[in-house]
Structures are given as structure tokens and as C-alpha cells.
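Numbering (full-length UniProt numbering), first residue to last: 1 to 219.
Here a beta-carbon is modelled for each residue, glycine too, at the ideal position from N, C-alpha and C.
Predicted model, so just to flag it, every value in this text is computed and none were measured.
Read the structure below first, then the notes.
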């Protein structure tokens with residue numbers, strides 16, 4: 001009797017194991033950002049902002065489809081709020097910053113598995129401070145999306161306060177931002193994934209870029 005019960009139990013366990021063959025996310029140490037990678041990305045992004053980066057160098061820092069959303073920049077340039085500010089790496093390289101930028105100083109930085117927070121000061125005639133969040137594709141270690149907000153009042157002052165002149169436009173778009181979160185204790189690493197880790201796909205346990213997650217730490 002005992003061998004029969006044991007065999008039945010073993011067969012049931014085997015069948016259960018075979019029925020759940022979802023792919024597993026890599027361990028954290030194989031995918032999460034490191035301090036050296038964060039420094040490389042921030043130094044590279046700083047060079048892009050200071051116009052010191054070639055197209056080849058920028059391609060090692062941001063993805064071709066990079067996007068940035070900033071209502072403060074949109075307001076200064078009279079573009080609709082709640083819309084994408086920069087669409088693509090080429091647009092980022094061609095951006096103009098109004099008055100000359102002497103340097104960029106890091107005031108604070110921190111990072112999670114797949115995002116970087118950077119508080120920086122753009123050294124101009126009047127310094128502009130910006131808080132920025134960068135989202136990193138860990139498969140290729142490049143920034144693919146940014147949220148940035150800064151002191152728009154200083155920028156407006158340095159270009160003659162156009163908001164005080166007749167005809168200054170203020171409008172609101174309909175794009176919006178998908179709420180999300182990222183942390184260092186997401187539980188996603190090494191866990192079974194419902195749909196896989198491709199960009200834009202929801203995942204039950206893992207960390208899919210750009211999508212909310214039930215258990216994991218994504219955006």
C-alpha cells in the first residue's frame with residue numbers, strides 16, 4: 001500500500017511541476033543596476049545636456065525611442081502640458097537650452113533596480129534646479145524614458161518673461177502618465193513570469209518595462 005501511495009503522490013507532484021513551466025526572471029544580481037552603471041549613465045546624460053556628446057556616445061546612454069516628459073519645459077516653450085516633451089534620441093541631441101549652460105552639478109542621486117533619481121543644478125547666470133527620474137532598460141543598460149521637472153520661473157526670467165506678454169499660450173494635452181513604482185525589494189528577481197519580460201507587456205510577477213505589476217517592482 002505504501003509504495004502505491006508514494007508512487008501516486010510522486011506522479012501527482014511531477015504532473016503539477018510540469019504544468020507550471022513559466023519562464024523565470026533572472027536573479028537580481030544579473031539584471032539590476034549597479035553603482036558603476038548609474039555613474040556611467042548620469043555622466044553620459046550630463047554630456048548630452050552640455051552638448052559634449054557625439055551621436056555614437058549618446059547611443060550608448062539613451063535608446064533611439066527615448067522620451068522625456070516635463071510640464072515645466074512644456075510651459076516655457078508654450079507646448080501643451082501633459083504631453084511628451086522630447087520624442088526620440090535625435091530630438092534630445094537637437095534640443096536648445098536658451099541661455100548658455102556652464103556646467104551641471106549633481107546635488108543628489110539614488111537608484112533602484114531599474115530607475116535613477118537625479119537632483120541636479122544647471123549652472124547658468126541664474127542656476128536652475130531639476131529633479132529627474134530616469135527609467136533604464138536593464139537588458140541593454142540604457143535610459144529609455146525620463147520625467148523631469150525644474151524651476152520654470154527662472155528659465156522664463158532669463159528669456160524675458162514671455163508669460164507676461166500678450167499671446168502667451170497655455171494648454172493641456174491628453175497623453176498623461178501611467179502611475180507606477182519601483183523599489184529594491186520588489187520580489188521580481190528569480191520569480192516565475194506570467195507573460196515574459198518583453199517591453200510593454202504586463203507581468204504577474206516580473207519586471208516589465210512600462211507596465212504596472214502585481215508583485216514586482218517595475219515602473
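Self-check item: Inter-residue Cα distance where the pair is residue 37 and residue 88
Solution: 22 Å
Quiz item: Skipping 5 residues on each side, what residues in its chain have a beta carbon closer than 7 Å to that of residue 21?
Solution: Confidence is the limiting factor: at residue 21 the pLDDT is only 45, short of 50, which leaves the residue's position unreliable, though a coordinate-based value still follows. Excluding residues within five positions, none has a Cβ falling inside 7 Å.
Quiz prompt | 6 Å CB neighbourhood of residue 111 in its chain, flanking five on each side removed | solution = 33, 38
Practice problem: Pull up the distance between the alpha-carbon of residue 142 and that of residue 170, whole angstroms please. | Solution: 33 Å
Quiz item: What are the boundary residues of the alpha helix (DSSP H) that includes residue 44?
Solution: 35-49
Quiz item: Counting pairs of Cβ atoms below 8 Å between the stretch 114-126 and the stretch 38-54, do you hit three or more?
Solution: yes
Quiz item: Hey, which unbroken runs of the beta strand (DSSP E) at 3 residues or more fall wholly within the stretch 68-135?
Solution: 103-111, 115-123
Self-check item: beta strand (DSSP E) runs wholly inside the stretch 132-156, at least 3 long, in chain order
Solution: 142-150
Quiz prompt | Of the residues 62, 52, 47, 132, the one placed nearest residue 138, counting alpha carbons only | solution = 62
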